[in-house]
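Notes follow the structure.
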Amino acid sequence: MKLIQFHLPNLGKRVGIVTREHEVIDVTSDESPGVLEILELAHKERVTLGVLLADIQEQVSSPPPMRFTAFQDPESVSEENSGLTLEKLDVSPDEKIPHLLVPIDAPEVWGCGVTYKRSADMRDDDSEQDIYSRVYHADRPEIFFKATPSRCVGPNGFIGIRSDSILTAAEPEVAYILNADGEILGYTLCNDVSAWDIERDNPLYLPQSKVFYGCCALGPMFITTSEVDDPYNLEMKCTILRDDKEIYEGEINTSQINWKFEQLTEFLMRDNPIPFGTVVSTGTGIIVPNDLPLAPDDIVQIEVEGFGTLSNPVKQL
0 MKLIQFHLPN LGKRVGIVTR EHEVIDVTSD ESPGVLEILE LAHKERVTLG
50 VLLADIQEQV SSPPPMRFTA FQDPESVSEE NSGLTLEKLD VSPDEKIPHL
100 LVPIDAPEVW GCGVTYKRSA DMRDDDSEQD IYSRVYHADR PEIFFKATPS
150 RCVGPNGFIG IRSDSILTAA EPEVAYILNA DGEILGYTLC NDVSAWDIER
200 DNPLYLPQSK VFYGCCALGP MFITTSEVDD PYNLEMKCTI LRDDKEIYEG
250 EINTSQINWK FEQLTEFLMR DNPIPFGTVV STGTGIIVPN DLPLAPDDIV
300 QIEVEGFGTL SNPVKQL
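Counting with numbering that gives the first Met the number 0, you get residues 0 to 316 for the letters of the sequence shown.
Shown next, in the form of structure tokens:
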């Protein structure tokens, strides 16, 4: 099952099921106003997500299910917006039009670093020490706090370049969502935007490299584990556009990751309770060259088949 959060004029945040045809069924209810609340409710009632959503859909819709017809102003319902699809929602955020939001309001986002060999090798080229290779081969992964909801953006939201950075880069990653017991509930895409020059100046500056406004993009969808046959065999592509021209394209398969997700979770949760809905981003194997740092108005696109495309413009902070 694939879920999104989206905005409707006059109604605000909504929850939708994305069908195989990319149509969207609104399943918003007072009891479950967001994906996080739906997941929590399913966990609390010990039912599957499918059973819960079928019940919610029956409560909030007249048969057959109504799609995007719940505008407060009846005149605003037209043939165009009464059959919105994922593609129609994938537009720049504007309060006056329907658009995608971050797929889950994660209370915490954690990141993992140097989980791919290529990441370790290329980063050590810029370091006087072999700290990245040492982390790659160590028995303990690199795990760091990444973001809170106010620092996250959804599809088409602006990712940021710190005002004190001249080498900020996109880091395309697969992320998973956990319950408080460490069980993986689903997946999404993440852009772990990072100020590499700050981190390389001194590894102790890592929090400043990683945590700032617009440092984390998530989306476009929350995808349940049943939709992903093998999370260690996903082809990921990253494209960077500048002035409508492609200046970079990179690819990686998650089979090249050095850690199983359960291992990362075990280290994350050692003496560290996490809230329900915590997002863990698993590290990147796509390393953009140093001579192509992000610039204002660039567009970063991250794509995995079945996951959709996470696209974000770049803004100078």
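All residues carry an ideal CB built from backbone N, CA and C; glycine is no exception.
Classification of residue i by the beta-carbon crowding that lies within 10 angstroms, buried from 16 upward
i, result
"N9", "exposed"
"D296", "exposed"
"D138", "exposed"
"L377", "Outside the displayed span of the chain (0 to 316) sits residue 377, for which this structure offers no information."
"F221", "buried"
"E198", "buried"
"V76", "Unreliable placement is indicated for V76, whose pLDDT of 35 sits below 50; no coordinate value is reported for it."
"S31", "buried"
"M65", "In this prediction, M65 has a pLDDT of 42, which is less than 50 and means its spatial position is unreliable; nothing more can be read from the coordinates."
"R133", "exposed"
"P89", "Checking the sequence, you will find Asp at residue 89 rather than Pro. D89 should be labelled buried."
"P288", "exposed"
"V50", "exposed"
"D196", "buried"
"Y135", "buried"
"G307", "buried"
"Y231", "exposed"
"N311", "buried"
"R13", "buried"
"T147", "exposed"
"G82", "exposed"
"E11", "Checking the displayed sequence, the identity of residue 11 turns out to be Gly instead of Glu. Classification of G11: exposed, given that the 10 Å Cβ count is below 16."
"G305", "exposed"
Start-to-end residues for the alpha helix (DSSP H) that takes in residue i
i, result
"H6", "No alpha helix (DSSP H) contains H6, which is instead part of the beta strand (DSSP E) from 1 to 7."
"D200", "195 to 200"
"L184", "Premise fails: L184 lies in the beta strand (DSSP E), 183 to 191, not in any alpha helix (DSSP H)."
"E20", "Taken as a continuous stretch (DSSP letters only), E20 belongs to no alpha helix (DSSP H), as it is neither H nor E."
"E86", "85 to 88"
"P206", "205 to 209"
Other residues of its chain near residue i: CB distance less than 6 angstroms, five sequence neighbours each side excluded
i, result
"W258", "T114, P140"
"E250", "K236"
"E22", "T84"
"E234", "N252"
"T277", "E107, L177"
"A194", "R161, S164, T167, S208"
"Q300", "T238, T308, S310"
Span of the beta strand (DSSP E) around residue i
i, result
"W258", "Run containing W258: none; DSSP gives neither H nor E here."
"K95", "Here K95 belongs to no beta strand (DSSP E), and DSSP marks it neither H nor E."
"A174", "171 to 177"
"A41", "A41 -> not in any beta strand (DSSP E); alpha helix (DSSP H) instead, spanning 34 to 44."
"L217", "215 to 223"
"E245", "244 to 252"
"L240", "234 to 241"
"G110", "108 to 112"
Close beta carbons around residue i, own chain, < 7 angstroms, minus the five adjacent residues each side
i, result
"R241", "A294, D297"
"D191", "G110, K145, E170, E172, C215, S280, T283"
"I55", "V26, S28, S31"
Alpha-carbon spacing of residue i relative to residue j, whole angstroms
i, j, result
"Q4", "Y212", "21 angstroms"
"D243", "E302", "18 angstroms"
"A53", "I286", "42 angstroms"
"I183", "E265", "12 angstroms"
"L48", "E36", "11 angstroms"
"G112", "L316", "24 angstroms"
"D104", "R150", "11 angstroms"
"I142", "L267", "7 angstroms"
"K1", "A41", "15 angstroms"
"I256", "C189", "16 angstroms"
"D270", "T238", "38 angstroms"
"R19", "E86", "13 angstroms"
"P329", "I96", "As displayed, the chain neither begins before 0 nor continues past 316, which places residue 329 out of reach and without an answer."
"V46", "E245", "46 angstroms"
"F260", "D180", "14 angstroms"
"T223", "Y186", "6 angstroms"
Residues of its chain near residue i, where Cβ-Cβ distance is below 8 angstroms and the 5 sequence neighbours each way are ignored
i, result
"G153", "Q4, P92, L99, L100, V101, P102, A216, L217, G218, P219"
"Q262", "P140"
"N155", "D89, V90, S91, P92, H98, L99, S310, N311, P312"
"F157", "G213, N311, P312, V313, K314"
Heavy atom of the ligand NAD within 7 angstroms of residue i beta-carbon
i, result
"H21", "Because no ligand of any kind appears in the structure shown, any question about the ligand NAD cannot be addressed here."
Problem set entry | Segments assigned alpha helix (DSSP H), at least 4 residues, entirely inside the region 128 to 161 | 130 to 136
Problem set entry | Ordered list of beta strand (DSSP E) runs contained in the region 255 to 315, each at least 3 residues | 277 to 280, 298 to 303, 307 to 315
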